[in-house]
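Residue numbers (UniProt numbering): 1 to 419.
Where is the CB? At the ideal position from N, CA and C, for every residue including glycine.
Predicted, not measured: the structure shown is a model, and the values here were computed from it.
These notes concern the structure reproduced below.
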Ligand code: AMP
Ligand code: GLY
């Protein structure tokens with residue numbers, strides 16, 4: 001089967017590794033990275049141009065397209081592919097509103113009784129300011145649309161909330177900030193939960209925990225994620241069941257009832273508080289780096305699972321290893337600001353000899369050498385019987401890498417270890 005995978009990050013290298021486990025897969029990745037180049041054919045293609053993607057699919061007889069990142073989903077790439085008779089993994093444009101519009105998701109939760117923080121939507125600055133002042137801090141201010149992970153302010157003071165509202169309506173996020181959601185501050189422990197969906201039903205896939213802040217002890221600015229592990233111990237079997245019963249299954253039923261059935265992977269960002277799980281937000285794709293750790297635990301054929309989502313024939317269960325997978329992200333100095341590009345990377349074979357897998361994200365080949373080419377550069381992934389063993393193994397591999405212009409957090413997994 002000829003498969004085209006869209007994306008270039010660590011998530012896509014992990015997806016490529018899992019998809020090529022199926023010997024029938026002939027994989028192309030657009031644009032890919034040096035990691036995917038080792039196991040698939042990287043192709044130069046403007047993935048924002050649906051007609052160019054469709055033309056490539058016709059020329060290469062692509063049977064199935066797997067879309068990694070959110071932007072092409074929100075832009076309607078799945079709709080365009082399906083209209084051209086090409087099967088794809090991921091939600092339609094209408095269903096991707098679960099990620100593309102926070103207001104859409106909050107209204108859906110309100111209509112279908114899905115537990116989430118109290119909120120109101122605003123298209124106008126004065127009304128937003130008045131509501132925030134009336135509610136008081138802490139309070140959360142969110143741009144409605146996609147803002148590359150930067151559209152959310154958890155305001156601990158009213159001053160911060162006012163500042164965030166001024167920024168939003170001042171155009172800091174362009175069209176994504178033309179509307180905003182102001183939301184109750186939720187307390188508890190954050191976790192991520194992933195379910196595969198085929199439009200009619202959902203299958204629990206795995207839980208994970210991310211480390212969003214750049215600094216140790218969860219300090220400093222937010223990033224795309226500095227490390228993750230799966231499973232997340234806070235998501236006990238009882239909590240996972242509640243997430244399926246109270247959040248995931250009602251959402252799949254609601255999307256079907258609204259005429260935009262959800263196919264693909266539903267990524268629920270959760271706050272687990274004393275009254276159980278509440279939804280913080282949905283994403284409509286795999287998390288990065290959560291995907292890397294979940295797929296390290298997968299004991300099933302990923303290609304068949306993703307095809308089953310697209311074809312409306314989800315199986316009853318999925319086999320995941322009970323072991324813990326943990327990943328440490330190696331980032332380039334400067335990240336999440338302007339990362340230093342071009343720093344040399346060596347020692348990958350030595351790192352893998354420590355029992356970890358090195359996944360590429362922002363790397364490129366410059367002449368003969370592998371160099372940094374983005375903020376998050378590599379993921380060091382280890383699978384072991386416990387969080388502490390996985391963490392030791394991952395850091396032994398980190399120490400075998402030679403990437404002087406890189407850095408990582410040294411405390412990935414602290415929450416699980418503290419338990
Ligand atoms: P989001 O982009 O919606 O995931 O928000 C980014 C981060 O902001 C989340 O991972 C949480 O840490 C935090 N956050 C978002 N909404 C809330 C909320 N209602 N209460 C507390 N923290 C929140
Ligand atoms: N690691 C968080 C995300 O992929 O959104």
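Closer than 6 Å: residue i CB and nearest ligand 1 heavy atom
{"i": "residue 169", "result": "no"}
{"i": "residue 185", "result": "yes"}
{"i": "residue 239", "result": "no"}
{"i": "residue 425", "result": "Because the chain spans 1 through 419 in this model, residue 425 falls outside it and cannot be assessed."}
{"i": "residue 160", "result": "no"}
{"i": "residue 440", "result": "With the chain covering only 1 through 419, there is no way to say anything about residue 440."}
{"i": "residue 280", "result": "yes"}
{"i": "residue 53", "result": "no"}
{"i": "residue 269", "result": "yes"}
{"i": "residue 140", "result": "yes"}
{"i": "residue 117", "result": "yes"}
Spatial distance of residue i from residue j (CA atoms)
{"i": "residue 52", "j": "residue 30", "result": "11 Å"}
{"i": "residue 413", "j": "residue 55", "result": "44 Å"}
{"i": "residue 172", "j": "residue 142", "result": "12 Å"}
{"i": "residue 320", "j": "residue 291", "result": "13 Å"}
{"i": "residue 372", "j": "residue 325", "result": "24 Å"}
{"i": "residue 167", "j": "residue 174", "result": "10 Å"}
{"i": "residue 252", "j": "residue 199", "result": "7 Å"}
{"i": "residue 286", "j": "residue 66", "result": "11 Å"}
{"i": "residue 341", "j": "residue 317", "result": "43 Å"}
{"i": "residue 263", "j": "residue 310", "result": "6 Å"}
{"i": "residue 24", "j": "residue 257", "result": "37 Å"}
{"i": "residue 163", "j": "residue 136", "result": "14 Å"}
{"i": "residue 242", "j": "residue 369", "result": "49 Å"}
{"i": "residue 379", "j": "residue 47", "result": "24 Å"}
{"i": "residue 283", "j": "residue 354", "result": "34 Å"}
{"i": "residue 329", "j": "residue 204", "result": "26 Å"}
{"i": "residue 212", "j": "residue 222", "result": "5 Å"}
{"i": "residue 268", "j": "residue 57", "result": "31 Å"}
{"i": "residue 146", "j": "residue 400", "result": "37 Å"}
{"i": "residue 281", "j": "residue 352", "result": "35 Å"}
{"i": "residue 105", "j": "residue 276", "result": "19 Å"}
{"i": "residue 197", "j": "residue 226", "result": "27 Å"}
{"i": "residue 270", "j": "residue 193", "result": "7 Å"}
{"i": "residue 411", "j": "residue 216", "result": "6 Å"}
{"i": "residue 139", "j": "residue 151", "result": "14 Å"}
{"i": "residue 390", "j": "residue 230", "result": "11 Å"}
{"i": "residue 239", "j": "residue 367", "result": "50 Å"}
Proximity winner among the options, relative to residue i (alpha-carbon distances)
{"i": "residue 93", "options": "86, 154, 126, 75", "result": "75"}
{"i": "residue 42", "options": "20, 8, 59, 58", "result": "8"}
{"i": "residue 419", "options": "236, 260, 90", "result": "236"}
{"i": "residue 232", "options": "220, 18, 415", "result": "415"}
{"i": "residue 121", "options": "393, 349, 181", "result": "181"}
{"i": "residue 45", "options": "6, 403, 18", "result": "6"}
{"i": "residue 403", "options": "353, 357, 347", "result": "347"}
{"i": "residue 18", "options": "229, 400, 394, 305", "result": "305"}
{"i": "residue 63", "options": "96, 89, 390, 111", "result": "89"}
{"i": "residue 420", "options": "27, 28, 22, 33", "result": "The question about residue 420 has no answer here: the residues shown for the chain are numbered 1 through 419."}
{"i": "residue 288", "options": "28, 228, 152", "result": "228"}
{"i": "residue 159", "options": "186, 179, 134, 144", "result": "134"}
Cβ-heavy atom distance, residue i to ligand 2, below 6 Å
{"i": "residue 245", "result": "no"}
{"i": "residue 405", "result": "no"}
{"i": "residue 218", "result": "no"}
{"i": "residue 287", "result": "yes"}
{"i": "residue 107", "result": "no"}
{"i": "residue 210", "result": "yes"}
{"i": "residue 225", "result": "yes"}
CB-CB length for residue i against residue j, believed under 8 Å
{"i": "residue 327", "j": "residue 381", "result": "5 Å"}
{"i": "residue 279", "j": "residue 114", "result": "6 Å"}
{"i": "residue 312", "j": "residue 406", "result": "Contact doesn't hold; Cβ gap of about 43 Å is too wide."}
{"i": "residue 272", "j": "residue 191", "result": "6 Å"}
{"i": "residue 393", "j": "residue 356", "result": "6 Å"}
{"i": "residue 124", "j": "residue 68", "result": "Going by Cβ atoms, the distance from residue 124 to residue 68 rounds to 36 Å, so no, they are not a contact pair."}
{"i": "residue 202", "j": "residue 208", "result": "Not quite, the Cβ-Cβ distance comes to about 17 Å (not below 8 Å), so this is no contact."}
{"i": "residue 38", "j": "residue 2", "result": "So it is not a contact: roughly 19 Å between Cβ atoms."}
{"i": "residue 184", "j": "residue 117", "result": "4 Å"}
{"i": "residue 16", "j": "residue 40", "result": "5 Å"}
{"i": "residue 296", "j": "residue 383", "result": "5 Å"}
{"i": "residue 339", "j": "residue 375", "result": "4 Å"}
{"i": "residue 408", "j": "residue 331", "result": "7 Å"}
Do the region 329-340 and the region 360-372 touch if we need at least three Cβ pairs shorter than 8 Å?
With the cut-off at 8 Å, the region 329-340 and the region 360-372 touch.
Taking 8 Å as the cut-off, does the region 128-138 touch the region 299-312 (at least 3 CB pairs, one atom from each stretch)?
Touching, no, given that fewer than three Cβ pairs across the two stretches are closer than 8 Å.
Flag this pair as touching only if the region 71-86 and the region 94-107 have three or more C-beta atom pairs under 8 Å; answer yes or no.
Touching, yes.
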